[in-house]
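Engineer: Before I ask anything, let me first share the structure, which is written out below as structure tokens.
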Amino acid sequence: MQQTNNLRAVDLNLLVVLDALLHERHLTRAAGRLHLSQPAVSHALGRLRALLADPLFERTRGGLRPTPYALALESPLQDVLAQVRRLLSGAVFDPATSRRVFRLAMSDYGASVVLPELMRGLRRDAPGTDVEVTSGSRSAMIAGVADGQLDLAFAVFGETPAVIRRQILFEETFVCVVDAAENGAEPLTFEQYLERPHVLVAAGADQRAGEVDAALAKTGRSRRVALRLPHWAAAATVLRGTDLVLTVAKRAVSDTAAQGLAITQAPFPIAPLNFEMLWHEREDADAGLCWLRTLMTDALAPMPPTAKTD
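Residue 6 is where the sequence shown starts when you use our numbering, and the numbers rise one by one after that.
As structure tokens, this is what we get:
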């Protein structure tokens, strides 16, 4: 009887608040994450402390520090909330009638590749579903998947925790993009490539030196970056009327002829990249995410036609 009374005292919203506090370690940020007022989150924290008979968090100058008991709850709490989401979304996923919201993370390059195929598939087969897209560094995407805040993440990833599942969607190669009037369609020689100024796209705070510069370093040479910017979408637009060179993932550029640009092969070898989809192992059996993963695998695996690069 006592166990039944304890269950009656549990408000599922309290667990959601606890999850946000464990993730943010800050009262104001947790309130923003939940779209609640700070007093409402403080009140919920008070109820959690009474319910669990533990202070849960200690105030510090930088925010909140979880107690050992709160830290012990973090992983099982994520599992419980994931199971609740699966229960509410139904064990069987019917795309034609579903009203589910999928939470995804990707860069603007990933969005340019993933979203067109994704939205065509959803509007065709699952018109009642919605999508929330966030962006962030690769490490932030991995953390979001690990703590249950994200359903899927799309990017080129390095190492991931053992609980993270990953699937290669396609292999990405690199090409050079230049102003067609300035360079024509002839590929740059290696020396011409090094003599020209370059555009570099580097978005995340944990951005690595870059695959292009790593490949150049193996030759003992380096390039001059005249423009560094965080957005793939803007990178190609600045090339017209300049001698700038953009060395970029092939799928990031399209319709370049209409922009007066030319795509050519890189004059030195750059190892291809694997563009991947990540999810947590706890979501392996989620019917909706299984359906979505299959949709993305089928849509992105074939390489679509692109501009000629010879």
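Beta carbons: idealized from backbone N, C-alpha and C, even for Gly. All figures in this text were calculated on a predicted structure; none of them were measured in a lab.
Going along the chain, which residues of its own chain have a beta-carbon closer than 8 Å to the beta-carbon of arginine 54, five neighbours each way excluded?
Structural biologist: So the list reads Pro60 and Leu61, once near-sequence residues are dropped.
Engineer: Do alanine 58 and alanine 101 have their CB atoms nearer than 9 Å?
Structural biologist: Contact flag unset, no.
Engineer: Within 10 Å of its beta-carbon, does valine 22 have 16 or more other beta-carbons around it, so buried, or fewer, so exposed?
Structural biologist: Buried, since its Cβ has 16 or more Cβ neighbours within 10 Å.
Engineer: Between the C-alpha atoms of glycine 133 and phenylalanine 107, what's the straight-line distance to the nearest angstrom?
Structural biologist: Cα to Cα, the separation comes out at about 11 Å.
Engineer: Check for me: the alpha helix (DSSP H) holding glutamate 187 runs from which residue to which?
Structural biologist: Element bounds for glutamate 187: 185–188.
Engineer: Between the alpha carbons of glutamine 88 and aspartate 291, how many angstroms are there, rounded?
Structural biologist: About 9 Å.
Engineer: Give me the Cβ distance between alanine 241 and leucine 266, rounded to the nearest whole Å; I'm assuming they're in contact under 8 Å.
Structural biologist: Right, the Cβ-Cβ distance comes to about 6 Å (below 8 Å), so this counts as a contact.
Engineer: Scan the region 11–81 and note each continuous beta strand (DSSP E) run of 3 residues or more that stays entirely inside, going in chain order.
Structural biologist: Fully enclosed beta strand (DSSP E) runs of 3 or longer: 62–65 and 68–71.
Engineer: Would you decide whether aspartate 303 is buried or exposed? Buried here means 16 or more other CB atoms lie within 10 Å of its CB.
Structural biologist: The residue in question, aspartate 303, is exposed, as its Cβ has fewer than 16 Cβ neighbours within 10 Å.
Engineer: Can you tell which of Leu283, Val183, Asp152 and Ile169 has its C-alpha closest to the C-alpha of glutamine 270?
Structural biologist: For glutamine 270, the nearest C-alpha among the options comes from Val183.
Engineer: From leucine 123 to glutamate 288, what does the alpha carbon distance come to, in whole angstroms?
Structural biologist: Going from the Cα of leucine 123 to the Cα of glutamate 288 covers about 19 Å.
Engineer: Rounded to a whole number of angstroms, what is the C-alpha to C-alpha distance between glutamine 212 and serine 142?
Structural biologist: Note that glutamine 212 scores 48 on pLDDT, short of 50, meaning its location in the model is unreliable and no value can be drawn from it.
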